[in-house]
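Report on one structure; see the data block that follows.
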Amino acid sequence: RKEVEQDPGPFNVPEGATVAFNCTYSNSASQSFFWYRQDCRKEPKLLMSVYSSGNEDGRFTAQLNRASQYISLLIRDSKLSDSATYLCVVNLGYGGFKTIFGAGTRLFVKA
Amino acid sequence: EAQVTQNPRYLITVTGKKLTVTCSQNMNHEYMSWYRQDPGLGLRQIYYSMNVEVTDKGDVPEGYKVSRKEKRNFPLILESPSPNQTSLYFCASSSQETQYFGPGTRLLVL
Chain A
1 RKEVEQDPGP
11 FNVPEGATVA
21 FNCTYSNSAS
31 QSFFWYRQDC
41 RKEPKLLMSV
51 YSSGNEDGRF
61 TAQLNRASQY
71 ISLLIRDSKL
81 SDSATYLCVV
91 NLGYGGFKTI
101 FGAGTRLFVK
111 A
Chain B
1 EAQVTQNPRY
11 LITVTGKKLT
21 VTCSQNMNHE
31 YMSWYRQDPG
41 LGLRQIYYSM
51 NVEVTDKGDV
61 PEGYKVSRKE
71 KRNFPLILES
81 PSPNQTSLYF
91 CASSSQETQY
101 FGPGTRLLVL
């Protein structure tokens, strides 16, 4: 079983749609959680951190459920520019910044 | 401009020919890391460094070496590259938990 699992997609949605991505992690000792965005052939960039209390940034909402070891990302009112791969990231935190990436979920937003 | 730079950006080499990929950051970050990205597998951590002279293995360290003699530089060394090391490599740095990535190095080992 992978340490961080994501639905690979692709998700094909029309502009204006709401889309939700899910992610599960296996190590209960994980300390911190993030969503990164990666455009084709480019480097990953931080989208947002994820907290148990929830985190919202404009059209994006992230949520963490530690009991279920589950992380989510909700994108409202999708734009063409949201087309990218979304990476779920977990820091294990013990002994240093050991980081595990999910394989990513591909999103295509179409006009 | 705050950035992470990697060189070279593209490299084609042959099996067994030692190579070094350089990584440099100008943000005075303590933490640096190397990843490889392969289709269907996502990014996998090769090595990371908490500070100068402090390095540790990630998930896939076999066949790689690193050094951290200066805070700003974290080179990745392939002593004897093999075709299974053909990949896209990213260097990253961070001061806390947010990582800033370099533009990537595409390596092809023939």
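Sequences listed follow chains A and B, in order.
Mapping to my numbering: the first sequence position 46 is 46, numbers consecutive.
Mapping to my numbering: the second sequence position 4 is 4, numbers consecutive.
A virtual CB, placed ideally from N, CA and C, is assigned to each residue, including glycine.
Subject >> Exposed unless 16 or more other CB atoms sit within 10 angstroms - verdict on B/T20 >> reply: Numbered from its first residue, the second sequence carries residue 20 of chain B at position 20. Classified as exposed, B/T20 has fewer than 16 neighbouring CB atoms from the shown chains inside 10 Å of its CB.
Original post:
For A/K79, which residues in chain B fall below 9 Å Cβ to Cβ?
Top reply: Within the first sequence, the letter at position 79 stands for residue 79 of chain A. For A/K79, none of the residues of chain B pass the 9 Å Cβ criterion, the least Cβ distance being about 23 Å.
Original post:
Apart from the five residues on each side of it in sequence, which residues of its chain come closer than 7 Å, Cβ to Cβ, to A/L80?
Top reply: By 1-based counting over the first sequence, the position of residue 80 of chain A is 80. Closer than 7 Å at the Cβ level, and outside the excluded window around A/L80, lie E15, V109, A111.
Original post:
Can you pull the DSSP bridge partners for B/Q25?
Top reply: As a first step, residue 25 of chain B is located in the second sequence; it is residue number 25 there, counting from the start. Note: B/Q25 sits in a beta bridge opposite B/V4.
Original post:
How far does the beta strand (DSSP E) with A/K110 in it reach, from first residue to last?
Top reply: Along the first sequence, read from residue 1 onward, the residue named residue 110 of chain A stands at position 110. Run containing A/K110: 105–110, per the beta strand (DSSP E) assignment.
Subject >> Range of the contiguous beta strand (DSSP E) that encloses B/Q99 >> reply: Position 99 of the second sequence, counted from the first residue, corresponds to residue 99 of chain B. Where B/Q99 is concerned, there is no enclosing beta strand (DSSP E), given that its DSSP letter is neither H nor E.
Original post:
Could you give the C-beta distance for A/E43 and B/P103, rounded to a whole number, given that I count them as a contact under 8 Å?
Top reply: Counted from its first residue, the first sequence places residue 43 of chain A at position 43. Counted from its first residue, the second sequence places residue 103 of chain B at position 103. Right, the Cβ-Cβ distance comes to about 6 Å (below 8 Å), so this counts as a contact.
Original post:
Is A/Y94 buried or exposed, if buried means 16 or more other CB atoms sit within 10 Å of its CB?
Top reply: Residue 94 of chain A sits at position 94 when you count from the first residue of the first sequence. For A/Y94, the pLDDT reaches just 49, beneath the cut-off of 50, and the residue's location in the model is therefore unreliable, leaving the point undetermined.
Original post:
Taking Cβ positions, are A/E5 and A/G104 nearer each other than 8 Å?
Top reply: For the purposes of this step, residue 5 of chain A is taken as residue 5 along the first sequence, with counting starting at 1. For the purposes of this step, residue 104 of chain A is taken as residue 104 along the first sequence, with counting starting at 1. In this structure, A/E5 sits away from A/G104, with a CB-CB distance that is not shorter than 8 Å.
Original post:
Taking one C-beta from the segment 73–90 of chain B and one from the segment 20–27 of chain A each time, how about it: are there three or more such pairs within less than 8 Å?
Top reply: Output reads no: the segment 20–27 of chain A does not touch the segment 73–90 of chain B.
Subject >> N- and C-terminal bounds of the beta strand (DSSP E) containing B/E30 >> reply: For the purposes of this step, residue 30 of chain B is taken as residue 30 along the second sequence, with counting starting at 1. Neither: B/E30 is in no beta strand (DSSP E) and is coded neither H nor E.
**OP:** Give the single residue among A/Q69, A/F33, A/S52, A/F11 whose Cα lies nearest to the Cα of B/T98.
**Re:** For the purposes of this step, residue 98 of chain B is identified with residue 98 of the second sequence, where counting begins at 1. Ranked by Cα distance from B/T98, the first of A/Q69, A/F33, A/S52, A/F11 is A/F33.
**OP:** Could you tell me the boundaries of the beta strand (DSSP E) in which A/L87 lies?
**Re:** Counting from 1 along the first sequence, the entry for residue 87 of chain A is found at position 87. In the DSSP assignment, A/L87 falls within the unbroken beta strand (DSSP E) covering 84–91.
**OP:** Report all residues from its chain with a CB closer than 6 Å to the CB of B/A2; omit the five preceding and five following residues, and keep chain order.
**Re:** Taking the first residue of the second sequence as 1, we reach residue 2 of chain B at position 2. If we look at B/A2 and ignore the five residues flanking it on each side, its Cβ neighbours are M27.
**OP:** Please report how far the alpha carbon of B/E79 lies from the alpha carbon of B/Y47, in whole angstroms.
**Re:** Residue mapping note: residue 79 of chain B aligns to position 79 of the second sequence, counting from 1. Residue mapping note: residue 47 of chain B aligns to position 47 of the second sequence, counting from 1. Answer to the nearest angstrom: the Cα atoms are 15 Å apart.
Original post:
Going along chain B, which residues have a C-beta under 9 Å from A/E15?
Top reply: Counted from its first residue, the first sequence places residue 15 of chain A at position 15. Residues of chain B whose Cβ lies closer than 9 Å to the Cβ of A/E15 do not exist, since the nearest Cβ in that chain is about 27 Å away.
Subject >> Interface residues of chain A facing B/Q45 [CB-CB closer than 9 Å] >> reply: On the second sequence, position 45 is the one that residue 45 of chain B refers to. Within 9 Å Cβ-Cβ: K98, T99, I100, F101.
Subject >> Between the CA atoms of A/S53 and A/L74 - distance to the nearest angstrom >> reply: Taking the first sequence and counting its residues from 1, the one referred to as residue 74 of chain A is at position 74. Taking the first sequence and counting its residues from 1, the one referred to as residue 53 of chain A is at position 53. If I take the Cα positions, the gap works out to 15 Å.
Original post:
When DSSP labels each residue in this structure, what does B/L43 get in the three-state scheme?
Top reply: Locating residue 43 of chain B in the second sequence gives position 43, counting from the first residue. Collapsing the DSSP output to three states places B/L43 in a strand.
Original post:
I think B/H29 touches B/S93, with their Cβ atoms under 8 Å apart; what is that distance to the nearest whole Å?
Top reply: For the purposes of this step, residue 29 of chain B is taken as the residue at position 29 of the second sequence. For the purposes of this step, residue 93 of chain B is taken as the residue at position 93 of the second sequence. With 8 Å as the limit, B/H29 and B/S93 qualify as a contact, their Cβ atoms being about 4 Å apart.
Original post:
Checking contacts by CB at 8 Å: is B/P103 closer than that to chain A?
Top reply: Residue 103 of chain B sits at position 103 when you count from the first residue of the second sequence. Yes - at least one Cβ of chain A is within 8 Å of the one on B/P103.
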